[in-house]
Each structure stands twice: as C-alpha cells, then as structure tokens.
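Visitor: Chains as they are written, first to last, in this note's numbering: chain Z, 337 to 619; chain H, 337 to 619. The C-beta atom is built at its ideal place from N, Cα and C for all residues, glycine as well.
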DNA sequence: ATGCCCGTTCCACGCTGTGGGACATTCCCG
DNA sequence: CGGGAATGTCCCACAGCGTGGAACGGGCAT
C-alpha cells in the first residue's frame, strides 16, 4: 500500500476514496482514465475501477464509450447548483448585481469566503471587449482580491490569523501584500472606508472595488465587486465604482435582513415575481 | 423510496449509500437531520451518522453547529460548476442568450437532454414582473417543454421510444401530449418547421419557443428557448420568438462548429449511436 | 418530572471491500 | 508487421472494515 494519509481520524475508507477520485478532476483535467486516477490517488487499478463503476451507476461520473475515460456527470452539477441556489444571498443579490452592471458595464462578482479562499457564486460578464477571465464556482486567494480583502477585513482577528497561517500570503504581483502586519493594517483601512480596492495585487492589469454584504446578525456573509481593466480607470471612476458596490451591498444587506423573518423551508420567492410553480417532475 | 435495489448488480455499498444520502437533499429540503436521512434512505441512524461524518470531512456536507442538521457543502458546488463550465456549448451560447434577452426581455434558457429529461444549464431571467420559476441545474420533463420536445425530435426513433418507455408521458395540463404516436407526429412537425412550441403543456400559463443547437457532427447537443406568459402573447410575438431562437441556435451551432478546430486533445468520437444508455456498466 | 426523540458513541460480528493476478485489447515503437 | 508495454476489465480468497444494535446523554414538548 502507498503512503496515503495516516488514516488518523477514520472515516469510511471507500467513501473517502470515492470523493478523492471525484476531486481529482479539475478544469485542467476534465477527463481521466482509470490508471491516471489510480496514480493520482495512490490506489490499485482494480480498486479505482470498482469505485468508478459505482460512481458511474450513480451518474456522478460518466465514461466515454470510445476513449474509456471518465468525466464528471450532470447529477453533480445538479447537486452543486442546489448548494448555490439555496444560498439566499445569491437570490437576493442578483437584481442588484444587474443594476450595477447596467450602471457601469463592467464585470460584477458575488463571492463568499470559504476555508480562507474566495468562491465566486455569481457573476455578470463585462460587456466590454477586454474581460477578466473567471468562472462561477472557482476559487481565488483572499489576500489579494477585492472580494477577499473586504471579507477578511470583517473576520475576527483570530480567524484572520488562522487564514494567514493556513493559506499564506503568496505573492502574485509586485503589488501583492505579503506581510501579515501590512495586511492587518490594510484591513483596518478597509473597515474604516467601507470598501476594498484591489489595484493589481492579484493580476497586474486588473483593478477591483468590493464591499461587504451583511446578514441580519451583522455578520459579513458575502461581498460584491466590480472588476475592471486598470488602464481604463482614473480617480473619478474608481470612486464611482466604490460608491456603486457600497450602495448595492447595503441594499442587498437590507434584503437579507428583511427576508430572514419569513425564511423557512422551500422558498417560492415570497417577494417579487409571480411564481408559476416550481415544476417538480414526478419521481 | 422503500425497497432499495436488490443489491443485484453490486457496487460498493458504502459509496452507493453516501451518494443516496447526498441525493436526498433537494431544493425543497436543503437541510436534513441524521434521522430524516436515515428514514429517507432506509438506513440505521448510526450508519447514516458515520457516512455523514465522512462526507463532512470531505466538505461535501456541512453540519450546522446549532441545529445539528446537515446541508450540502461548497466543494460539491465547485465540482458541479466544473461540469458545466467544461461544457463548451454553454460558453459559446452565453453571448447569444444575452442577445435574445436584449431583443425580447423574456426568460431565456439553455438546456440539454440527459437520461430523457431536460437539464437547464444556463438561464437569463426575465426583466418582466411576472416570471416563470426555474433554476439552473434543475430538471424538467422533456415531452411537455419546448426545450425537451425540440431535443426529443432530434433523437433516433429507438432512443425516443426508450425515453417514452422509461419516463412515460405524464399529464401536467389539459394540453400535455400523452400519446406516444401523437408525440412522434409532433416531433416530425418540429423537425419540419425547425422549432418547437410549448403552449401550456407543462404549466397552463406558460408558453415557450425553442430551437436545437447542433455540434460539428450535426448532432443536436442542446437547445435554446424563450419562455413567456401566455396571456402576453399573440400570433405575431410567437412568430417573433420562434424566429429569435432559430437565429440564435444557428449562430451557436456555427460557433460550435468553428471552435471545434481548436478543440485540443481527444477530439474524435465521430460515431457513437447516441443511445441514452441505461447506465448499466458492462457486466 | 416524564416521556419522547434526537445526535452521538461503542463494540463484536461477519459481510464486503480489497488488491493481486490473469486476461483481452489497444497503442506505440522498433 | 510483430512484439512489448501500456491499458481496461474481470475474478477470487482473505481479513479488514463497515455494519447496526444497544446504550448514553441532552433537549424539548407534554
């Protein structure tokens, strides 16, 4: 047997292995073979094959009959969509993201912090020719992005320290903040001014303004940002973007506070749109 | 679901159970307790608890410390996003969906057929007050929706028959087509006119126009649709919507054909008889 | 208080997942 | 064209691991 993890706090081995296999798939390698997976997770071919067979019967992976290679299946997409669709903040935020987009035409992101990283949970693409590349569902470092920094700024000190320790402060550009102390000071500034700016700290040519969204308890649960190309920006527009995200974040926060009281199971969107039935196919 | 499968074609039980647990979560029940899950999948509390513990350590589920209940976790969202982000058609289609939306202001859907059902893989929400409720990632029956019918119409006869047998033709409204022969005739009409109309066949007040998108091999891989409220529609606008989806579908199809030349490794799969496989691994 | 149901933990049993091996096939290189 | 080395798939005996019953403790109605 390989080295693998120390099997310390034990879970069900087969399930852990199945998950490990699923997680081996990535955007860069969306199709993998039995042997590739075996090497990646350190398991015997036959074991991987059997696990894949089980996963295939559930639809979590599909095998290309021609190449014999495996890809992730749509049921995973369904489950994943459920996760984000049930995130209330996303539902509430959508129209406000659209409003921002109409106002400035730039790429607008909605993101949350998970395990010390930013996860994009919604996005409206810029209408401009030059765009930043991003994908909903992907992760980005927190310490050098607008979304990430504004969310870090609202973390308790201990949590921020924890994130720094676990994720480090990797340098991406000459602007990247890599000193814990400097980051902490910067976070204080962000809290004070009510928004975060990212001026090429993750990617040289990219600028970003972000503001935090709060739930009814006052906790920062998400953030909204406008991303633009640095070359197209001046003082005035930076201020405009900062103002836009702050306004939108405030409105979204209000929406979260209000809608929370009527929150329970199964939300037929009690507010605005006249709903025409959630269409549940028979089972 | 009572009986569970007869353990005939065996997979790894623990993995199957873990997947069953994950799939028990739904939009209507995004949070479940150990006991609820136990009842739902027919397993002992302790077994479910152990499985959940394992799933939690992988992040696939998270437990609310307060209520002790479980929800699906973000890593699932990431994996699910990967699935759809690697679907080329979605990337290519996006701008054209936006174009349709600008032209008519209605809800625009992009969908594919999977296991005889429609899966929504992208969507632009209507700007109107009255909206149809739908979610990306959800499924809908094929025989009574615009997207579904236009995709069924491009299936080989045998596959269509297979879908009918496996999914049935459940009645949703008085307009729903429930006769296999009638559906087949209707499909012929759809092929002839190049688009499908759904006039209240799934939900009374909802109308829909849809057209198929083809890949470079000529196979219908997806479809695009405009959904609107029947009351707001007249002959002229129906024709307009039909025309819009057809134009967009054609452009998207061209995009798929063109982009194929730069499609990296592992391109072929030119043959492949398109059968919606019953997901039975070779045995 | 008193049930009732919940989540959690523990443990001996024996079923079930394991991985080595065998095999056919495909691909690549000589 | 043929041999070698990959690959995917199948099979099987062993024992390790997942299983579920039982027991414990806490929370919430009654």
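Which one of 574/H, 455/H, 362/H and 554/H has the shortest CA to CA distance from residue 589/H?
Guide: Nearest option by C-alpha distance: 554/H.
Visitor: Mind checking if residue 362/Z is an interface residue toward chain H, Cβ cutoff 9 Å exclusive?
Guide: Yes, because at least one Cβ of chain H sits closer than 9 Å to the Cβ of residue 362/Z.
Visitor: Please say whether residue 584/H and residue 488/H have beta carbons closer to each other than 9 Å?
Guide: No, these two residues do not count as a Cβ contact at 9 Å.
Visitor: Indicate the three-state DSSP secondary structure (helix, strand or coil) for residue 355/Z in the structure shown.
Guide: Reduced to three states, the DSSP call for residue 355/Z is helix.
Visitor: Is residue 419/Z near residue 390/H, with beta carbons less than 9 Å apart?
Guide: Taking 9 Å as the Cβ cut-off, residue 419/Z and residue 390/H do not qualify as a contacting pair.
Visitor: Using a beta-carbon distance cut-off of less than 9 Å, what residues from the region 383–394 of chain H approach chain Z?
Guide: Of all residues in the region 383–394 of chain H, 386, 387, 389, 390, 391, 392, 393 and 394 have a Cβ within less than 9 Å of some Cβ in chain Z.
Visitor: By how many angstroms is the C-alpha of residue 409/H removed from the C-alpha of residue 395/H?
Guide: Approximately 6 Å between the Cα atoms of the pair.
Visitor: Return no unless some Cβ of chain Z is closer than 9 Å to the Cβ of residue 518/H.
Guide: Not an interface residue.
Visitor: Tell me the rounded alpha-carbon separation between residue 518/Z and residue 534/Z.
Guide: Going from the Cα of residue 518/Z to the Cα of residue 534/Z covers about 14 Å.
Visitor: Using DSSP with H/G/I as helix, E/B as strand and the rest coil, what is residue 407/Z?
Guide: Note: residue 407/Z maps to strand in three-state DSSP.
Visitor: Over the uninterrupted alpha helix (DSSP H) stretch that includes residue 330/Z, give me the two end residues.
Guide: Outside the displayed range of chain Z (337 to 619) lies residue 330/Z, so it cannot be described from this structure.
Visitor: Report the neighbours of residue 471/H on chain Z: residues whose CB is nearer than 8 Å to its CB, in chain order.
Guide: Ordered by position in chain Z, the residues that pass the 8 Å Cβ test against residue 471/H are 417 and 421.
Visitor: Which residues of chain H have a Cβ atom closer than 9 Å to the Cβ of residue 408/Z, listed in chain order?
Guide: The contacting residues are 415, 416, 418, 419 and 422.
Visitor: Within 10 Å of its beta-carbon, does residue 473/Z have 16 or more other beta-carbons around it, so buried, or fewer, so exposed?
Guide: The residue is buried, with at least 16 neighbouring Cβ atoms inside 10 Å.
Visitor: If the cut is a Cβ gap below 7 Å, which residues of chain Z does residue 348/H touch?
Guide: Here the neighbours are 350, 386, 387 and 390.
Visitor: Listing by chain order, which chain H residues have their CB less than 7 Å from the CB of residue 450/Z?
Guide: Chain H residues near residue 450/Z: 410.
Visitor: Measure the C-alpha to C-alpha separation of residue 512/H and residue 478/H and round it to an integer number of angstroms.
Guide: For residue 512/H and residue 478/H, the distance between alpha carbons rounds to 11 Å.
Visitor: Going residue by residue through the region 468–506 of chain H, where are the continuous alpha helix (DSSP H) segments of at least 4 residues, counting only ones entirely within it?
Guide: Listed in chain order, they are 482–488 and 493–503.
Visitor: Measuring straight from C-alpha to C-alpha, what distance separates residue 620/H and residue 581/Z?
Guide: Here chain H has residues from 337 to 619 only, and residue 620/H is not among them.
Visitor: Using 9 Å as the limit for Cβ to Cβ distance, is residue 605/Z near chain H?
Guide: Because the pLDDT at residue 605/Z is just 30, under 50, the model does not fix this residue reliably, and the point stays unresolved.
Visitor: Can you give me the C-alpha to C-alpha distance between residue 536/H and residue 386/H, rounded to a whole angstrom?
Guide: Rounded to whole angstroms, residue 536/H to residue 386/H spans 46 Å at the Cα level.
Visitor: Can you tell me where the alpha helix (DSSP H) holding residue 394/Z begins and where it ends?
Guide: Residues 381–394.
Visitor: Please tell me whether residue 558/H has its Cβ less than 9 Å away from any Cβ of chain Z.
Guide: It does not; no Cβ of chain Z falls within 9 Å.
Visitor: Please check if any C-beta of chain H sits within less than 9 Å of the C-beta of residue 461/Z.
Guide: Chain H contact via Cβ: present.
Visitor: State the DSSP-derived secondary structure class of residue 371/H, mapped to helix, strand or coil.
Guide: The answer is helix: DSSP assigns residue 371/H an H, G or I state.
Visitor: Just to confirm before moving on: does the CB-CB distance between residue 421/H and residue 363/Z stay below 9 Å?
Guide: Yes, the pair counts as a contact, with Cβ atoms nearer than the cut-off.
Visitor: For a cutoff of 9 Å on Cβ pairs, would you count residue 354/Z as touching chain H?
Guide: By this cut-off, residue 354/Z is an interface position.
Visitor: Between which residues of its own chain and residue 360/Z is the CB-CB distance below 7 Å, once the five residues before and five after are set aside?
Guide: So the list reads 368, 373, 376 and 377, once near-sequence residues are dropped.
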